[in-house]
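Using the working numbering, you'd call the opening residue of the sequence shown number 126 and step up by one each time.
Built from N, CA and C at the ideal position, the CB exists for glycine as well.
Since we're looking at a predicted model, the values are computed, not measured.
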Amino acid sequence: MKINVCNVDEEGRFGGPERRIVLVAKALKQHNIDTHVVYPKCDSDKFSQELSRAGISSSALNITRLSKEKKILARYVFCFFIEIFRLFIFFRRHNFDLIHVNGSYQFKVALAGRLAGIPVIWHLNDTKMDMIVKKICLFISKYCASGFIVTGKKVYEYYIRGTSLEKKPHFEIQVPVETTVFDPSHATPDKRVSQAHGRKIVTVSGINPIKGLEFFIKMASNLARYHSDLVFFVAGAEFSSQKTYYEYIKDLVASSNLTDKNFKFVGMIDNVPAFLQSADIFVFTSVSESGPATVWEAMSMGKAIVSTDVGSVSEYIEDGVSGFIAPIRDVGALCEKVEFLLENPDLRQKMGEKARIIAQKNLDVSLAAQKHAYFYRKILSLRFQ
Numbered sequence: 126m127k128i129n130v131c132n133v134d135e136e137g138r139f140g141g142p143e144r145r146i147v148l149v150a151k152a153l154k155q156h157n158i159d160t161h162v163v164y165p166k167c168d169s170d171k172f173s174q175e176l177s178r179a180g181i182s183s184s185a186l187n188i189t190r191l192s193k194e195k196k197i198l199a200r201y202v203f204c205f206f207i208e209i210f211r212l213f214i215f216f217r218r219h220n221f222d223l224i225h226v227n228g229s230y231q232f233k234v235a236l237a238g239r240l241a242g243i244p245v246i247w248h249l250n251d252t253k254m255d256m257i258v259k260k261i262c263l264f265i266s267k268y269c270a271s272g273f274i275v276t277g278k279k280v281y282e283y284y285i286r287g288t289s290l291e292k293k294p295h296f297e298i299q300v301p302v303e304t305t306v307f308d309p310s311h312a313t314p315d316k317r318v319s320q321a322h323g324r325k326i327v328t329v330s331g332i333n334p335i336k337g338l339e340f341f342i343k344m345a346s347n348l349a350r351y352h353s354d355l356v357f358f359v360a361g362a363e364f365s366s367q368k369t370y371y372e373y374i375k376d377l378v379a380s381s382n383l384t385d386k387n388f389k390f391v392g393m394i395d396n397v398p399a400f401l402q403s404a405d406i407f408v409f410t411s412v413s414e415s416g417p418a419t420v421w422e423a424m425s426m427g428k429a430i431v432s433t434d435v436g437s438v439s440e441y442i443e444d445g446v447s448g449f450i451a452p453i454r455d456v457g458a459l460c461e462k463v464e465f466l467l468e469n470p471d472l473r474q475k476m477g478e479k480a481r482i483i484a485q486k487n488l489d490v491s492l493a494a495q496k497h498a499y500f501y502r503k504i505l506s507l508r509f510q
């Protein structure tokens, strides 16, 4: 049976969830499932381009994302019911079988799907949300969600365990990685990284307080005191909503012993495999995650990894075997783990090889697509019982 899914994302800016939507929608075609992606007209050029490149049908609607920015928040509140009605009309007109909601804060999609009488699958992918938003999500999902996809055990514990939502169907699907693309045997090195003199320590992370970049900077500052040949790279988008944080981390670099020769912000990058290819060590310093896609991508690229103990990291990285895990906000532990890898290049290679095998076996997009297809059909079968 062919299934038509409408996957709606109220956040148009291209990041981890948007990349996941594109990857899974493309892979689901092999399971006789067509996905139509709906996204906001504002700030979605990159998202639109990636969908088009993957051959996925899509529509840009006037949808306002939830934001702390005053102008956007005012528009969100003012247009709340108008946009629910707009989505409701869109859903009914296209006769979708399922509505896929992305993120705990995307209430309008769930409400519109419920009004349209279409089963709603709510995709939960975080472990740190404003408490008011979380409570609204739990309340609305009680009446609107037919089932839940969670991106890790910690997400399930954060939102569902101990609530009435435990009675609803749920399924864990990790954020996927396209291991055939994130393949060290095929990637061409990014010249910005490969041409830098010295050993390269990199991270891929949006400029956001959740990502804990201040701890990456402090780690870099400490290591640079003892290793003059290290070059640190930060790749990630700079959003207007995070100007204050971006200024904070730039000031932190400026007030340290780091210089523009050994610490580089390279902004949003299109070719992540190329960026990772020339790295010696990948470091991830987030303070809260569910399933960190950039860690999985670094694993797939066969890199030695040091990551904070967030989300599902400890489920896929065995500390000291396929990577190192450090406590959250512990700069000393980060330095210790990276120092050990710097002194042991053979261990870096062995860890990277083991990490890639794990990524191929457990985190590839083909497996995620299989799980999505299974859960979609399960929800639809329950509808007709």
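Query raised in the report: Any idea which residues DSSP pairs VAL161 with across the strands?
Result: For the record, residue 161 in the displayed sequence is His; it is not Val. Partner(s): CYS131.
**Report entry** Three-state class that DSSP yields for GLY272 in the structure shown
**Finding:** strand
**Report entry** CA nearest to the CA of SER413, picked from ILE335, PHE358, PHE215
**Finding:** When only C-alpha atoms are compared, the closest one is ILE335.
Requested in this report: Please report the residue range of the alpha helix (DSSP H) in which ALA379 lies.
Outcome: 368 to 379
Requested in this report: Have a look at VAL431, LYS325, VAL302 and flag the residue whose alpha-carbon is nearest the alpha-carbon of SER411.
Outcome: It is VAL431.
Report task. Confirm the yes/no value for this check: CB of GLY361, any heavy atom of the ligand NAD, distance under 8 Å. Result -> What this structure holds is no ligand at all, so the ligand NAD is not there to describe.
**Report entry** Given GLN474 as reference, the closest of VAL446, LYS166, GLY242, ASP385 once Cα atoms are compared
**Finding:** VAL446
Query raised in the report: Short check: CB of ILE146 to CB of ASN220, under 9 Å?
Result: Cβ distance not < 9 Å, so ILE146 and ASN220 don't count as in contact.
Query - Residue span of the alpha helix (DSSP H) that contains LYS233, given as start and end - result: 232 to 240
Report task. Would you mind sorting LEU507 into buried or exposed? The rule is 16 or more other CB atoms within 10 Å of its CB. Result -> exposed
Query raised in the report: Which word fits LYS166, buried or exposed, when buried means at least 16 other C-beta atoms lie within 10 angstroms of its C-beta?
Result: exposed
Query - Neighbourhood of ALA312 by C-beta distance below 6 Å, restricted to the same chain and skipping five residues each side - result: PRO398, ALA399, GLN402
**Report entry** Buried/exposed call for ALA237, threshold 16 Cβ in 10 Å
**Finding:** Counting Cβ neighbours within 10 Å, ALA237 comes out buried, since at least 16 surround it.
Query raised in the report: Out of ALA429, TRP421, ILE128, which has the shortest C-alpha to C-alpha gap to VAL435?
Result: Closest option to VAL435, judged by alpha-carbon separation, among ALA429, TRP421, ILE128: TRP421.
Query raised in the report: Should ALA360 be labelled buried (16 or more other beta-carbon atoms within 10 Å of its own) or exposed?
Result: buried
Query raised in the report: Just to confirm, are ARG138 and PHE172 a CB contact at a threshold of 9 Å?
Result: Taking 9 Å as the Cβ cut-off, ARG138 and PHE172 qualify as a contacting pair.
Report task. Enumerate, from N- to C-terminal direction, the unbroken beta strand (DSSP E) stretches of 3 or more residues contained entirely within the region 287 to 348. Result -> 295 to 297, 324 to 329
Requested in this report: Have a look at ALA451, MET424, GLY457, ILE453 and flag the residue whose alpha-carbon is nearest the alpha-carbon of TYR441.
Outcome: MET424
Query - Whole-angstrom distance between PHE358 and LEU338, CA atom to CA atom - result: 11 Å
Query raised in the report: Mind checking whether LEU492 and PRO301 have CB atoms under 9 Å apart?
Result: yes
Requested in this report: In the DSSP assignment, find the beta strand (DSSP E) that holds LEU355 and state where it starts and stops.
Outcome: 355 to 360
Query - Distance between ILE224 and VAL162 (C-alpha atoms, nearest Å) - result: 10 Å
Query raised in the report: By how many angstroms is the C-alpha of MET426 removed from the C-alpha of ASP315?
Result: 14 Å
Report task. Could you pull out every residue in the same chain whose Cβ sits closer than 6 Å to the Cβ of ASP405, ignoring the five residues on either side in sequence? Result -> ARG324, LYS325
Requested in this report: For THR384, name the three-state secondary structure that DSSP assigns.
Outcome: coil
Query raised in the report: Beta-carbon separation of LYS151 and VAL490 under 9 Å?
Result: yes
Query raised in the report: In or out: MET256 buried (at least 16 other Cβ within 10 Å) or exposed?
Result: With fewer than 16 other Cβ atoms from the protein chains shown falling within 10 Å of its own Cβ, MET256 counts as exposed.
Query raised in the report: According to the Cβ coordinates, are LEU331 and ALA362 closer than 9 Å?
Result: At residue 331 the sequence reads Gly, which differs from the Leu that was named. Yes, Cβ-Cβ distance for GLY331 and ALA362 is below 9 Å.
Query raised in the report: Cβ atoms of SER183 and TYR201: under 9 Å apart, would you say?
Result: no
Requested in this report: Give me the Cα-Cα distance between THR304 and LEU505, rounded to the nearest whole angstrom.
Outcome: Taking the straight line from one Cα to the other gives about 30 Å.
Query raised in the report: Can you tell me where the beta strand (DSSP E) with THR433 in it begins and where it stops?
Result: 429 to 433
**Report entry** Beta-carbon spacing of VAL438, PHE409 below 9 Å
**Finding:** yes
Query raised in the report: Under the rule that 16 or more other beta-carbon atoms within 10 Å means buried, what is MET126, buried or exposed?
Result: Counting Cβ neighbours within 10 Å, MET126 comes out exposed, since fewer than 16 surround it.
Requested in this report: Give the secondary structure of GLY445 by DSSP, where H, G and I count as helix, E and B as strand, and everything else as coil.
Outcome: coil
Query raised in the report: Relative to the alpha-carbon of ALA241, which residue among ASP222, LYS253, VAL258, MET254 has its alpha-carbon at the smallest distance?
Result: ASP222
Query raised in the report: Can you give the beta carbon distance from ARG454 to PHE340, rounded, assuming they're within the 8 Å contact cut?
Result: 6 Å
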